[in-house]
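K.L.:
To start, I am sharing the structure in question, which I have written as structure tokens.
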Amino acid sequence: MRRLLGHLSIILLPSLMVQAGEWSLQRAYRRHIENAARDETVVFKYASGGHSGKPAVIDSNGKILASKILATTIGGDIWVAYQGSTAQGDVWVYYGAGTSQQARRGAWQPKFSLALMTTKLPAGGLDSAKAIAAAMRGRIYGMGFVDNIWHGYNPFGPDDNYASAYAGYLKIDKPGTYRVFTNSDEASFVFIDGSEVCSWPKRHSAKGRRGQHGADIHLSKGEHRIEYYHAEVDGVQVMSLGWVRPGDLKRTKGRKFHPVPKSAFLHTHVAKAGPVERKGNAPLAAFSHQQVDQLLHESYQYTRIRFKDGCRNVPDGARVIWNFSDGVKSEQRGGDHIYVSRKEFHRCSVRIVAKSDTTLDKFEALVPIEIPLRNLTIRNAGQVREYAQAILKTDMKQVPGEAMKAYWLLVESIDDPKLIEPFAEVFVERFGHRGDAWPVADRLAMALSIKEPKKAIELYGKLAKSARTQLDAARARMEQIELVLHRLKDTDRAMAMATAVRDGRSGLEQRIAIVKLGDVHRALGNFEEAEKNYRIAQRLAIKKMDRREVAVRQGGYLETIASLLDQGHVRAGRRALVRWECDYPTGKLSGDLILQTARYFSAIGDHHRALEELDTLVKINPFSPYLPEIELSMARAYAKLGNAAKARELRQKVIREYPKSPAAKAARNERF
Numbered sequence: 002m003r004r005l006l007g008h009l010s011i012i013l014l015p016s017l018m019v020q021a022g023e024w025s026l027q028r029a030y031r032r033h034i035e036n037a038a039r040d041e042t043v044v045f046k047y048a049s050g051g052h053s054g055k056p057a058v059i060d061s062n063g064k065i066l067a068s069k070i071l072a073t074t075i076g077g078d079i080w081v082a083y084q085g086s087t088a089q090g091d092v093w094v095y096y097g098a099g100t101s102q103q104a105r106r107g108a109w110q111p112k113f114s115l116a117l118m119t120t121k122l123p124a125g126g127l128d129s130a131k132a133i134a135a136a137m138r139g140r141i142y143g144m145g146f147v148d149n150i151w152h153g154y155n156p157f158g159p160d161d162n163y164a165s166a167y168a169g170y171l172k173i174d175k176p177g178t179y180r181v182f183t184n185s186d187e188a189s190f191v192f193i194d195g196s197e198v199c200s201w202p203k204r205h206s207a208k209g210r211r212g213q214h215g216a217d218i219h220l221s222k223g224e225h226r227i228e229y230y231h232a233e234v235d236g237v238q239v240m241s242l243g244w245v246r247p248g249d250l251k252r253t254k255g256r257k258f259h260p261v262p263k264s265a266f267l268h269t270h271v272a273k274a275g276p277v278e279r280k281g282n283a284p285l286a287a288f289s290h291q292q293v294d295q296l297l298h299e300s301y302q303y304t305r306i307r308f309k310d311g312c313r314n315v316p317d318g319a320r321v322i323w324n325f326s327d328g329v330k331s332e333q334r335g336g337d338h339i340y341v342s343r344k345e346f347h348r349c350s351v352r353i354v355a356k357s358d359t360t361l362d363k364f365e366a367l368v369p370i371e372i373p374l375r376n377l378t379i380r381n382a383g384q385v386r387e388y389a390q391a392i393l394k395t396d397m398k399q400v401p402g403e404a405m406k407a408y409w410l411l412v413e414s415i416d417d418p419k420l421i422e423p424f425a426e427v428f429v430e431r432f433g434h435r436g437d438a439w440p441v442a443d444r445l446a447m448a449l450s451i452k453e454p455k456k457a458i459e460l461y462g463k464l465a466k467s468a469r470t471q472l473d474a475a476r477a478r479m480e481q482i483e484l485v486l487h488r489l490k491d492t493d494r495a496m497a498m499a500t501a502v503r504d505g506r507s508g509l510e511q512r513i514a515i516v517k518l519g520d521v522h523r524a525l526g527n528f529e530e531a532e533k534n535y536r537i538a539q540r541l542a543i544k545k546m547d548r549r550e551v552a553v554r555q556g557g558y559l560e561t562i563a564s565l566l567d568q569g570h571v572r573a574g575r576r577a578l579v580r581w582e583c584d585y586p587t588g589k590l591s592g593d594l595i596l597q598t599a600r601y602f603s604a605i606g607d608h609h610r611a612l613e614e615l616d617t618l619v620k621i622n623p624f625s626p627y628l629p630e631i632e633l634s635m636a637r638a639y640a641k642l643g644n645a646a647k648a649r650e651l652r653q654k655v656i657r658e659y660p661k662s663p664a665a666k667a668a669r670n671e672r673f
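Plus 1 on top of the position in the sequence shown (first one is 1) and you've got the working numbering.
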């Protein structure tokens with residue numbers, strides 16, 4: 002079997018004498034190798050960006066160093082080992098199209114450790130290490146350097162149906178007989194110096210903690226090549242290599258288990274490839290990426306990937322076009338992108354396109370999506386806002402329908418009109434106001450009601466006709482009439498609209514229309530007529546339910562709405578307010594209902610409307626027991642509107658006239 006450490010050929014190229022910093026080879030791209038050591042074996046990785054051409058490693062004197070490609074990942078990262086002990090000065094890697102010197106084979110073999118590679122589980126991988134070793138010679142999920150063989154997940158890809166291969170060297174300082182064994186879920190195979198020492202094939206759980214699946218082996222002092230192969234189908238993953246050192250074996254009868262420690266392995270110096278450069282300072286497309294975090298909301302998984310723009314030498318008039326491979330393109334230079342799919346990888350690219358639509362350069366990479374359990378974030382309002390802001394920077398006209406629905410669920414949860422309105426406008430423009438788009442159009446109408454009431458009135462009229470429930474239809478009718486009454490100040494039109502609904506509809510729509518007739522009379526100062534309509538609507542409500550049920554519901558509405566508004570869920574709070582008006586319309590004569598209604602309008606930024614509600618409540622019931630709370634709420638509204646003098650006057654009145662009330666206590670702690 003051709004082992005993992007020796008299956009690729011060595012690249013040795015003739016020397017070229019050049020000065021440091023000059024372009025040494027006829028290649029399109031290069032990267033400077035940072036923190037390069039003078040060790041015999043140095044490794045680094047770089048993102049090829051989809052550019053072809055075998056890499057060549059060269060030092061400042063133009064000497065092309067012995068090097069070897071260790072692995073090429075699915076994402077386009079290339080791992081290279083080179084002979085650092087022969088390098089002079091700076092070290093560079095050249096790649097991409099261009100003239101390439103003829104490679105010749107040499108005797109240098111890199112001695113790297115401890116590397117871990119993972120790939121898709123090949124056929125036969127549960128039965129033999131041979132199939133896994135062969136699969137590692139193809140495109141792998143990823144590669145990295147680890148401390149020891151002791152893992153419980155796939156760090157580079159999916160956690161089901163994958164294979165792992167560790168390759169490195171043991172440093173034995175105490176010669177003797179060692180008991181080496183594996184504990185794994187599922188299959189595993191251990192090789193030392195090319196010979197199989199022990200194995201545990203087939204599907205099984207990790208029940209080998211006492212070293213049952215191992216063997217004794219004599220290890221001389223020095224370095225010994227080790228390979229460990231692992232296969233996983235699904236469920237829990239375990240890959241661990243343990244040993245019992247000489248001297249402990251007899252004393253413990255082989256039962257004293259220790260994982261092979263970090264200090265027992267050779268560890269290679271890992272350098273870093275710097276930013277990509279392009280020959281002749283030509284236009285260069287490049288980016289890097291990092292998964293920041295994830296959110297789980299409703300039935301969706303949201304993943305935030307942060308892209309860092311690396312494009313340089315972009316000519317005037319040229320465009321930088323990003324393709325995130327989920328249907329979204331952008332011409333913004335980097336930033337966060339929110340993925341909602343559960344795909345394991347996304348092939349992203351950035352192109353520099355001239356005025357003539359000619360592509361001047363292109364860079365692409367496969368961006369992995371890590372699973373939530375490895376990157377789970379506790380949902381918080383600040384983080385959701387950051388996600389929403391990133392979403393709003395996306396050209397949402399391109400986003401697929403399912404992704405738009407997922408985006409909407411997240412954006413709406415913030416209940417911020419400044420974020421919701423621009424998203425909802427695009428959503429409604431694309432999908433209309435029916436079916437699944439109805440809640441989005443409804444939220445858009447709510448946002449428009451403050452600054453563009455005429456548009457909101459028109460939209461609410463459409464929503465009333467396309468509503469899927471009686472409550473939604475009643476609320477849309479109510480919002481439409483209220484905007485005409487309070488924002489347009491057209492009492493005649495509001496009266497006509499409410500009358501038409503009362504006479505032409507039934508159920509909740511009819512009852513809410515009668516309540517709105519009362520509101521119109523209240524706005525005109527006809528308080529007796531207003532009370533009359535409220536009581537008519539109340540009688541209709543009681544016909545539908547028991548009086549005791551009405552009383553219980555009223556208390557429940559107060560608690561529910563107060564909680565919803567405290568948490569910022571204004572749309573849900575509004576729905577509950579409408580239901581309250583339908584079930585207990587005479588509550589508009591007391592205080593709780595009006596106070597919560599005023600709170601709602603303050604929450605959406607309509608402080609004028611909040612004042613109207615509170616002011617008319619005082620007029621219709623000047624002896625209301627809620628006067629302290631009403632006047633404190635009015636003080637807060639005046640403060641929001643910039644009338645500090647009126648706010649202070651009302652605050653002082655509450656403290657002076659109702660000194661023992663909860664409102665007075667709250668007022669003493671507030672400053673307007």
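Positions of the beta carbon are idealized from the N, C-alpha and C atoms, including for glycine.
Residues in the same chain with beta-carbon distance under 7 angstroms from R536, minus the five sequence neighbours each way, listed in chain order, please.
P.N.:
If you number the sequence shown from 1, residue 536 lands on position 535. Hits under 7 angstroms: T587.
K.L.:
How would you label L489, buried or exposed, when you count the other beta carbons within 10 angstroms and need 16 or more for buried?
P.N.:
The sequence position of residue 489 within the sequence shown is 488, counting from 1. Counting Cβ neighbours within 10 Å, L489 comes out exposed, since fewer than 16 surround it.
K.L.:
Determine, using beta-carbon pairs with one atom in the stretch 220-229 and one in the stretch 156-167, whether at least three such pairs fall under 8 angstroms.
P.N.:
yes
K.L.:
To the nearest angstrom, how far is it from the Cα of I141 to the Cα of A37?
P.N.:
If you number the sequence shown from 1, residue 141 lands on position 140. If you number the sequence shown from 1, residue 37 lands on position 36. The straight-line gap separating the alpha-carbon atoms of I141 and A37 is approximately 25 angstroms.
K.L.:
The beta strand (DSSP E) spanning E365 covers which residue range?
P.N.:
Position 364 of the sequence shown holds residue 365. Counting along the chain, the beta strand (DSSP E) containing E365 begins and ends at T360 to P369.
K.L.:
Would you kindly report the start and end of the unbroken beta strand (DSSP E) that includes I173?
P.N.:
In the sequence shown, counting from the first residue as 1, residue 173 sits at position 172. Here the beta strand (DSSP E) through I173 covers Y163 to I173.
K.L.:
Output the distance between the C-alpha atoms of M397 and L509, rounded to the nearest integer angstrom.
P.N.:
For this step, residue 397 is matched to residue 396 along the sequence shown. For this step, residue 509 is matched to residue 508 along the sequence shown. Cα to Cα, the separation comes out at about 36 angstroms.
K.L.:
If you follow the beta strand (DSSP E) that I59 is part of, which residue opens it and which one closes it?
P.N.:
Indexing the sequence shown from 1 puts residue 59 at position 58. Unbroken beta strand (DSSP E) run through I59: A57 to D60.
K.L.:
Specify, as a first and last residue, the run of the beta strand (DSSP E) that E228 falls within.
P.N.:
In the sequence shown, counting from the first residue as 1, residue 228 sits at position 227. For E228, the enclosing beta strand (DSSP E) covers residues G223 to E233.
K.L.:
Helix, strand or coil: how does DSSP classify Y142 here?
P.N.:
As a first step, residue 142 must be located in the sequence shown, where it is residue number 141. In the structure shown, Y142 sits in coil (DSSP, three-state: anything other than H, G, I, E or B).
K.L.:
Take every Cβ of the stretch 60-68, pair it with every Cβ of the stretch 123-136, and state whether three or more of those distances are shorter than 8 angstroms.
P.N.:
no
K.L.:
With a CB to CB cut of under 8 angstroms and the five nearest residues on each side skipped, what residues in its chain are close to Q89?
P.N.:
Against the sequence shown, residue 89 aligns to sequence position 88. Excluding residues within five positions, the ones whose Cβ falls inside 8 angstroms are D60, S61, N62 and K64.
K.L.:
By the DSSP assignment, the beta strand (DSSP E) with H219 in it spans what residues?
P.N.:
Translated into positions along the sequence shown, residue 219 becomes position 218. Here the beta strand (DSSP E) through H219 covers G215 to L220.
K.L.:
Please say whether V516 and E582 have beta carbons closer to each other than 8 angstroms?
P.N.:
Numbered from its first residue, the sequence shown carries residue 582 at position 581. Numbered from its first residue, the sequence shown carries residue 516 at position 515. Yes; because the gap between Cβ atoms is below 8 angstroms, this pair is in contact.
K.L.:
Exposed or buried, D237, counting other C-beta atoms within 10 Å across all chains shown (16 or more means buried)?
P.N.:
Position 236 of the sequence shown, counted from the start, is the residue given in the question as residue 237. Looking at the sequence itself, residue 237 is Val, so the reference to Asp does not match. So V237 counts as exposed.
K.L.:
Alpha carbon to alpha carbon, how far is Y95 from E278?
P.N.:
For the purposes of this step, residue 95 is identified with residue 94 of the sequence shown, where counting begins at 1. For the purposes of this step, residue 278 is identified with residue 277 of the sequence shown, where counting begins at 1. Answer to the nearest angstrom: the Cα atoms are 10 angstroms apart.
K.L.:
Enumerate in chain order the residues of its own chain whose CB-to-CB distance from E23 is below 7 angstroms, with the five nearest sequence positions on each side excluded.
P.N.:
Indexing the sequence shown from 1 puts residue 23 at position 22. Excluding positions up to five away in sequence, the list is empty.
K.L.:
Which stretch, first to last residue, makes up the beta strand (DSSP E) that contains Q292?
P.N.:
In the sequence shown, residue 292 corresponds to position 291, counting from 1. Per DSSP, Q292 belongs to the beta strand (DSSP E) from F288 to H298.
K.L.:
Helix or strand or just coil, what does DSSP make of N534?
P.N.:
If you number the sequence shown from 1, residue 534 lands on position 533. N534 falls in the helix class under three-state DSSP.
K.L.:
To which residues does DSSP link C199 through a beta bridge?
P.N.:
Residue 199 sits at position 198 when you count from the first residue of the sequence shown. Per DSSP, V191.
K.L.:
Please state the DSSP three-state secondary structure of N282.
P.N.:
Within the sequence shown, numbered from 1, the residue matching residue 282 stands at position 281. Of the three classes helix, strand and coil, the one that applies to N282 here is helix, per DSSP.
K.L.:
Could you pull the start and end residues of the beta strand (DSSP E) that W323 belongs to?
P.N.:
The residue you call residue 323 lines up with position 322 of the sequence shown. R320 to N324 is the span of the beta strand (DSSP E), which, as asked, contains W323.
K.L.:
From this set, S241, T269 and A475, which residue's C-alpha is nearest D584's C-alpha?
P.N.:
Taking the first residue of the sequence shown as 1, we reach residue 584 at position 583. The option with the nearest alpha carbon to D584 is A475.
K.L.:
Sort R39, T73 and E41 by Cα distance to G54 and report the nearest one.
P.N.:
Within the sequence shown, residue 54 is the residue found at index 53, counting from 1. The candidate whose alpha carbon is nearest that of G54 is T73.
K.L.:
Would you kindly work out how many angstroms separate the C-alpha atoms of D310 and V321, rounded to a whole number?
P.N.:
Along the sequence shown, read from residue 1 onward, the residue named residue 310 stands at position 309. Along the sequence shown, read from residue 1 onward, the residue named residue 321 stands at position 320. Distance between the alpha carbons of D310 and V321 is about 10 angstroms.
K.L.:
Just to confirm, is the Cβ distance from R580 to L486 under 8 angstroms?
P.N.:
For the purposes of this step, residue 580 is taken as residue 579 along the sequence shown, with counting starting at 1. For the purposes of this step, residue 486 is taken as residue 485 along the sequence shown, with counting starting at 1. No, these two residues do not count as a Cβ contact at 8 angstroms.
K.L.:
Should the stretch 429-443 be regarded as contacting the stretch 596-613, the criterion being three or more beta carbon pairs within less than 8 angstroms?
P.N.:
By the criterion of at least three beta-carbon pairs nearer than 8 angstroms, the stretch 429-443 is not in contact with the stretch 596-613.
K.L.:
Closest to Y170 by CA distance: which of N155, A135 and G223 is it?
P.N.:
Mapped onto the sequence shown, residue 170 falls at position 169. Cα-wise, what sits closest to Y170 is G223.
K.L.:
Closest by CA to R340, which one among A668, S185, V354 and H298?
P.N.:
As a working note, residue 340 is residue 339 in the sequence shown. Residue identity check: residue 340 is Tyr in the sequence provided, not Arg. If we check each option's Cα against that of Y340, H298 comes out closest.
K.L.:
So, K647 versus Y659, is the Cβ gap smaller than 8 angstroms?
P.N.:
As a working mapping, residue 647 is identified with position 646 in the sequence shown. As a working mapping, residue 659 is identified with position 658 in the sequence shown. No, Cβ-Cβ distance for K647 and Y659 is not below 8 angstroms.
K.L.:
DSSP on Y639, reduced to helix/strand/coil?
P.N.:
Counted from its first residue, the sequence shown places residue 639 at position 638. Reduced to three states, the DSSP call for Y639 is helix.
K.L.:
State the Cα-Cα distance for the pair R506 and K533, rounded to the nearest angstrom.
P.N.:
Translated into positions along the sequence shown, residue 506 becomes position 505. Translated into positions along the sequence shown, residue 533 becomes position 532. Using only the alpha carbons, I get a separation of about 20 angstroms.
K.L.:
What number of angstroms, rounded off, separates the C-alpha of Q568 from the C-alpha of G574?
P.N.:
By 1-based counting over the sequence shown, the position of residue 568 is 567. By 1-based counting over the sequence shown, the position of residue 574 is 573. Each residue's Cα considered, the two are about 10 angstroms apart.
K.L.:
If I follow the unbroken beta strand (DSSP E) through W109, where does it start and stop?
P.N.:
Here the question's residue 109 lines up with position 108 in the sequence shown. DSSP places W109 outside any beta strand (DSSP E), giving it a letter other than H or E.
K.L.:
How about G328 and Q399: do their beta carbons lie closer than 8 angstroms?
P.N.:
The residue you call residue 328 lines up with position 327 of the sequence shown. The residue you call residue 399 lines up with position 398 of the sequence shown. Yes, they are a contact pair.
K.L.:
Would you mind sorting H608 into buried or exposed? The rule is 16 or more other CB atoms within 10 Å of its CB.
P.N.:
For this step, residue 608 is matched to residue 607 along the sequence shown. By the neighbour-count rule (16 or more Cβ atoms within 10 Å), H608 is buried.
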